[in-house]
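Asker: Before we start, here is the structure in question, set down as structure tokens.
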Amino acid sequence: MMRVALALAAVALALAALTPAQTGDSDAGKELFGRRCGGCHSMDRVMEGPPLRGVYGRRAGSLPGFQYSDALKEAKITWNDDLLDKWLIDTNALVPNNDMAFRVPSPDERREIVAYLKSLSQ
Ligand code: HEC
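In my numbering, the protein residues as written are 2 to 123.
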């Protein structure tokens with residue numbers, strides 16, 4: 002019994018060590034991006050969603066060659082940490098009537114993904 006408990010404790014410690022830093026680890030972000038966003042976004046290609054390389058610091062809805070909703074084109078915002086976080090919490094609360102129907106409920110996942118997008122925009 003004791004041995005099982007010790008083994009479990011060791012597993013828990015190993016998992017804790019794998020958990021990325023609080024500030025957002027962009028390797029984890031890359032992996033999450035692939036899983037959560039990759040069905041609709043690539044970095045450089047137009048898919049259902051616009052390419053996202055350089056999106057951090059870019060004016061929303063401004064990439065030539067992608068057909069944005071009027072709502073996003075007319076939203077006068079420039080993507081930063083706070084606004085990307087809000088977008089991923091609930092796109093519709095930030096920009097009503099936009100075309101992206103997807104949310105990321107986990108604050109940790111949002112932080113990782115935003116850190117990754119930021120790392121590709123500098
Ligand atoms: C179901 C498809 C879909 C998924 C999944 C998706 N998106 Fe989108 N995304 C879109 C579409 C479509 C737009 C364009 C919205 C518009 O024009 O109103 C968009 C727009 C965006 C924009 C604004 C881009 C710009 O140029 O202003 C960002 C940022 C973004 N998505 C991030 C993400 C991230 C990060 C994820 C993963 C967590 C994600 N999206 C998942 C479809 C998706």
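Even glycine gets a Cβ: it sits at the ideal position worked out from N, Cα and C.
Here the structure is a predicted model, which means the values were calculated and not measured.
V96 and L73 look like a contact to me (Cβ under 8 Å); what is the Cβ gap, rounded to whole Å?
Answerer: The Cβ separation is near 6 Å, so the contact holds.
Asker: With a 10 Å radius around its C-beta and 16 neighbouring C-beta atoms as the bar for buried, classify A18 as buried or exposed.
Answerer: Interpretation of A18 is limited by its pLDDT of 48, a score under 50 that renders its predicted location unreliable; the figure taken from the coordinates is listed afterwards. Counting Cβ neighbours within 10 Å, A18 comes out exposed, since fewer than 16 surround it.
Asker: Among D86, A29, P65, S107, whose alpha-carbon lies nearest the alpha-carbon of Y57?
Answerer: When each option's Cα is compared against that of Y57, the closest is D86.
Asker: Does any heavy atom of ligand 1 sit closer than 7 Å to the C-beta of S70?
Answerer: S70: yes, Cβ under 7 Å from ligand 1.
Asker: List the whole-angstrom C-beta distance separating V115 from D82, where the pair is believed to meet the contact cut-off of C-beta under 8 Å.
Answerer: The pair is a contact, with the Cβ atoms about 6 Å apart (cut-off 8 Å).
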